[in-house]
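No gaps in the numbering here: position 61 of the sequence shown is 84 in the numbering used here, and each next residue is one more.
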Amino acid sequence: MSARAALLLPCLLTFLPASALAERAVTVDGSDCRVWDQYPDRRKTVRWSGACPDGWASGPGVLSWFHGGRYDGQVEGTLVDGRMEGQGRVTWRDGRRLDGNFSNGLVSGQATHVWADGRVYEGEWQDDRRTGFGTLTFPSGNKYVGRFQRNRPTGEGEFVTADGRRYRPQIDARGTVGAGAPLDRPPQSASIPAAADADPSPPTPPARAGRPQKLEDWLNQSDRLLRDRSR
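Dropping the structure here:
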């Protein structure tokens, strides 16, 4: 991507948002061709396989970046005046990859991000952050389906376990989770039982203490634990 996206993405595409530095033009290693880098780093160098009209990387090609001379990742797609535009694929040395749409060097629109540990996010992006509607699936098979804002779930969604059970969580802006009741409990009968036939069982107890408080912890629980902790 424009180094703006290629060098910007290795920092941004994590659970914790990174702080952007001032964008600057950098020179492709071994040439006079330039690309944009939003996250300058003295140890970072870039290489571009495509054309360079008017001194700016443009057209289809592969932009690779290196840290201290060591390969760190690349983006394959089309650059316009040193910035990634349209569909592109980013791959990292650590096994992560992203396929999606870029605008002005940033991931915007629909994209899929796959982590090396098996987590997958599919959905909307804005300015290199997961913002909008999407699905975050964990290796356990459990997933959060709903809205995100700047990489965090907003709580406007639901958890779906690997076996299809659904839960309505409460999630704050920091990603802290408070599990709600299952959404697929059988409905109560509309008839009112006679006093003698009333159900003597006590009301459902409040949520248990000690349940997972982080989104990652919650979604990585087994289906059985998810059910038990939401009763």
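Beta carbons are placed, not taken as given, at the ideal position from N, Cα and C, and that holds for glycine.
Looking only at C-alpha atoms, which of C56, R47, V51 sits nearest to Y62? When only C-alpha atoms are compared, the closest one is R47.
In angstroms, rounded to a whole number, what distance separates the CA positions of G73 and Q97? Distance between the alpha carbons of G73 and Q97: 13 Å.
Inter-residue Cα distance where the pair is M189 and R66: In the sequence as displayed, the identity of residue 189 is Arg instead of Met. Each residue's Cα considered, the two are about 47 Å apart.
Counting along the chain, where does the beta strand (DSSP E) carrying P205 start and finish? It is not in any beta strand (DSSP E) - P205 carries neither H nor E in the DSSP assignment.
For A139, count neighbouring C-beta atoms within 10 Å of its own C-beta (all shown protein chains included) and say buried if the count is 16 or more, exposed if not. Exposed, by the Cβ-count rule.
Which residues bound the beta strand (DSSP E) around Q172? Run containing Q172: 166-172, per the beta strand (DSSP E) assignment.
Could you tell me which of F89, V103, G164 sits nearest to D117, measuring between CA atoms? Minimum Cα distance to D117 is reached at F89.
Leaving out the 5 sequence neighbours to the left and right, which residues in its chain are closer than 6 Å to T160 when beta-carbon positions are compared? Apart from the 5 residues on each side of it in sequence, T160 sits with its Cβ closer than 6 Å to the Cβ of V143, K166 in its chain, given in chain order.
Let me know if R173 comes out buried or exposed under the rule of 16 or more other beta-carbons within 10 Å of its beta-carbon. With fewer than 16 other Cβ atoms within 10 Å, it is exposed.
Can you tell me which of the three DSSP states D77 falls into? DSSP places D77 in the helix class (H, G or I) of the three-state scheme.
Roughly how many angstroms lie between the CA atoms of G92 and W71, to the nearest whole one? Rounded to whole angstroms, G92 to W71 spans 15 Å at the Cα level.
Going by DSSP in three states, Y125 sits in which element: helix, strand or coil? The question names Tyr, but residue 125 in the sequence shown is Phe. Residue state, collapsed to three classes: strand.
Give the straight-line distance between the Cα atoms of N127 and P205, rounded to the nearest whole angstrom. Approximately 42 Å, taken between the alpha carbons.
Could you tell me the distance, in whole angstroms, from the CA atom of V58 to the CA atom of V168? About 36 Å.
Can you grab the Cα-Cα spacing for the pair R175 / E147, in whole Å? Approximately 12 Å, taken between the alpha carbons.
Take the Cβ of E274 as the centre, count every other Cβ of all protein chains shown within 10 Å, and call the residue buried at 16 or more, exposed below. Coverage of the chain is limited to positions 24 through 254, which leaves residue 274 absent and any answer about it impossible.
Tell me which residues share the same chain as S255 and place their Cβ nearer than 6 Å to its Cβ, disregarding the 5 neighbours each side in the sequence. The requested residue 255 is not part of the displayed model; the chain covers only 24 to 254.
Does DSSP classify A134 as helix, strand or coil? Strand, per DSSP.
Going by CA-CA distance only, name the one from D64, D77, G109, Q133 that's closest to P83. Put simply, of D64, D77, G109, Q133 the residue whose alpha carbon is nearest the alpha carbon of P83 is G109.
Reduced DSSP category for P223 - H, G, I as helix; E, B as strand; rest coil: Confidence in P223 is poor, its pLDDT being 41 and thus under 50, which makes the residue's placement too unreliable to answer from.
Thinking C-beta only, is G105 closer than 9 Å to F125? F125 is not a Cβ neighbour of G105, given a cutoff of 9 Å.
Locate the beta strand (DSSP E) running through R175, then write down its first and last residues. R175: member of the beta strand (DSSP E) spanning 175-183, first to last residue.
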